[in-house]
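Anchor point for the sequence shown: position 188 equals 187 in numbering that gives the first Met the number 0, and the numbering is continuous, going up by one each time.
A short write-up of the structure that comes next.
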Amino acid sequence: MAAVAALLAAPQRLMARAPEGDIPPMDWQGGAVNCEACAYIDLRASDGGRGCEPGHACMQDAYARRIDRFFRWHPELADQQLEHPYFEVRAIAVRHASVFRLGGLMNDPDETVRLQVAARLSPAQLERLMHDPHREVRLRVAQRIDPARLAAMRQDADYGVREIVAQRLPLALLTTLAYDPERSVREIVARRLQMPALFILANDPEPEVRRAVAESLPEALLGRMVDDRDWRVRWEVARRAVPAVLVAMRDDPDSEVRQMVRSRLAVPKEDHHG
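So this is what it looks like as structure tokens:
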């Protein structure tokens, strides 16, 4: 008791570790931190300064960094706080809690908590979160779930989720994203698709996608893209094509493409096409 009294009587010493101008201690409801009402008040007397510390490591504080420090010091207490009314406490407790206690938090009302759950559950358990209402949760699921189960996320409303799906989806299913409405998704598909499915995107309306196709097509098949309407695609063709294709591109309407053709053919001719 004497040690506890000494700590309570020395708030200046306790607060000394907080940087100058730091956020003042305040509980999650906006009031003063009340150590006397805390279930862990006995930790204030712990040896070595690793019990708890108002303004530095405190589960009752509204400041997430202080809550996190508390649970880093006492991970064994995390399971007890998975139903705490403050979402920051639940979310941080999830990082340290037993994975066997996390299933019930997949329906937590706060997306921050569900995001932490998605980061800790095994990939096999993530299927229930594939259609979470919050994009950040679905992004985490798409990054971690077994690729064989990603097919159910191909129609996700968020293109960022679909980008991850395109990066991880098994090749056998990748053609189903070749007509995705978002250019960036189709570009990822073009960089991963193999022949002959890659030809699906050779006539894509977006030049970035067609250029990705030109970067991936076998060199001998690049002849079909020598007349592409975008000079950047033709330049990529010129950078990789076999000599027989390059000869057909020497009169390309774009000077950058002609320069690439000349450098590849090693013909130092003067450019007469201005």
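Just so it is clear, CB atoms sit at the ideal spot from N, CA and C, and this is done for glycine as well.
In this text the structure is predicted, and so the values were computed from the model without any measurement.
Q) Is the beta carbon of I302 sitting closer than 9 Å to the one on L173? A) Past the edges of the chain, shown from 0 to 273, lies residue 302, and the structure says nothing about it.
For this session: Locate the alpha helix (DSSP H) running through F198, then write down its first and last residues.
Result: Along the sequence shown, one-based indexing puts residue 198 at 199. Taken as a continuous stretch (DSSP letters only), F198 belongs to no alpha helix (DSSP H), as it is neither H nor E.
Requested in this report: Would you mind stating whether M152 and R137 have Cβ atoms separated by less than 9 Å?
Outcome: The residue you call residue 152 lines up with position 153 of the sequence shown. The residue you call residue 137 lines up with position 138 of the sequence shown. Cβ distance < 9 Å, so M152 and R137 count as in contact.
Discussion item. Taking the alpha carbon of M194 as the reference point, which residue from L221, C37 and L120 has its own alpha carbon closest?
Written reply: Along the sequence shown, one-based indexing puts residue 194 at 195. Cα-wise, what sits closest to M194 is L221.
* Looking only at its own chain, which residues have a Cβ that is under 8 Å from the Cβ of S215, when we skip the five neighbours before and after it? -> The count along the sequence shown starts at 1 and reaches residue 215 at position 216. Taken in chain order, the residues that qualify are A189, R190, L192 and L197.
Length of the line joining the Cα atoms of A36 and H95:
Taking the first residue of the sequence shown as position 1, residue 36 is located at position 37. Taking the first residue of the sequence shown as position 1, residue 95 is located at position 96. Going from the Cα of A36 to the Cα of H95 covers about 24 Å.
*Could you pull out every residue in the same chain whose Cβ sits closer than 8 Å to the Cβ of I66, ignoring the five residues on either side in sequence?*
Stepping through the sequence shown from its first residue, residue 66 is reached at position 67. Hits under 8 Å: C57, M58, D60, E87, V88 and I91.
Pick helix, strand or coil for D26, following the three-state DSSP scheme. Against the sequence shown, residue 26 aligns to sequence position 27. Three-state DSSP puts D26 in a strand.
Based on Cα-Cα distance, which residue from A171, L170, V208 and N33 lies nearest to P180?
For the purposes of this step, residue 180 is identified with residue 181 of the sequence shown, where counting begins at 1. Ranking A171, L170, V208 and N33 by Cα distance to P180 puts V208 first.
Would you tell me roughly how many angstroms separate the C-alpha atoms of I163 and V140, rounded to the nearest one? Residue mapping note: residue 163 aligns to position 164 of the sequence shown, counting from 1. Residue mapping note: residue 140 aligns to position 141 of the sequence shown, counting from 1. Computed Cα separation, rounded: 10 Å.
message = Using beta carbons (cut-off 9 Å, strictly below), is V93 in contact with chain B?
response = Reference to chain B is not applicable here, since this structure consists of a single protein chain.
For E52 and V184, I'd like the C-alpha separation in whole angstroms.
Position 53 of the sequence shown, counted from the first residue, corresponds to residue 52. Position 185 of the sequence shown, counted from the first residue, corresponds to residue 184. The straight-line gap from Cα to Cα measures roughly 48 Å.
Can you say whether V98 is buried or exposed, counting buried as having 16 or more other CB atoms within 10 angstroms of its CB? If you number the sequence shown from 1, residue 98 lands on position 99. Flag for V98 reads exposed.
- Name the two residues that bound the continuous alpha helix (DSSP H) containing Y158. The residue you call residue 158 lines up with position 159 of the sequence shown. Going by DSSP, Y158 is part of the alpha helix (DSSP H) stretching over Y158 to R167.
From the DSSP output, which residues share a beta bridge with D60?
Sequence index remark: in the sequence shown, residue 60 carries index 61 (1-based). According to DSSP, which records beta bridges pairwise, D60 is partnered with D26.
**Request:** Identify the continuous alpha helix (DSSP H) that holds M259 and give its terminal residues.
**Result:** As a working note, residue 259 is residue 260 in the sequence shown. For M259, the uninterrupted alpha helix (DSSP H) run begins and ends at S254 to L264, by DSSP.
Task: Residue span of the alpha helix (DSSP H) that contains S183, given as start and end - done: Taking the first residue of the sequence shown as 1, we reach residue 183 at position 184. For S183, the enclosing alpha helix (DSSP H) covers residues R182 to R191.
Would you identify the three-state DSSP class for E135, choosing helix, strand or coil? Within the sequence shown, numbered from 1, the residue matching residue 135 stands at position 136. When DSSP states are grouped into helix, strand and coil, E135 belongs to the helix group.
- Item | Cα-Cα separation, R100 to V32 | Sequence index remark: in the sequence shown, residue 100 carries index 101 (1-based). Sequence index remark: in the sequence shown, residue 32 carries index 33 (1-based). Cα to Cα, the separation comes out at about 28 Å.
Which one or two residues does DSSP pair with E52 in a beta bridge?
By 1-based counting over the sequence shown, the position of residue 52 is 53. Its beta-bridge partners are A56.
Taking 9 Å as the cut-off, decide whether the C-beta atoms of Q154 and I187 are in contact. The residue you call residue 154 lines up with position 155 of the sequence shown. The residue you call residue 187 lines up with position 188 of the sequence shown. Not in contact: Q154 and I187 (Cβ atoms no closer than 9 Å).
TODO: With a threshold of 16 other CB atoms inside 10 Å of the CB of L120, please say whether the residue is buried or exposed.
DONE: Within the sequence shown, the letter at position 121 stands for residue 120. L120 is buried by the Cβ-count criterion.
Q. Quick one: what does DSSP say M148 is sitting in, helix, strand or coil?
A. For the purposes of this step, residue 148 is identified with residue 149 of the sequence shown, where counting begins at 1. Checking the displayed sequence, the identity of residue 148 turns out to be Arg instead of Met. Secondary structure at R148: helix, using DSSP grouped into helix, strand and coil.
* **Where E87 sits in the DSSP three-state scheme** => Working through the sequence shown from its first residue, we reach residue 87 at position 88. Judged by DSSP in its simplified three-state form, E87 adopts helix.
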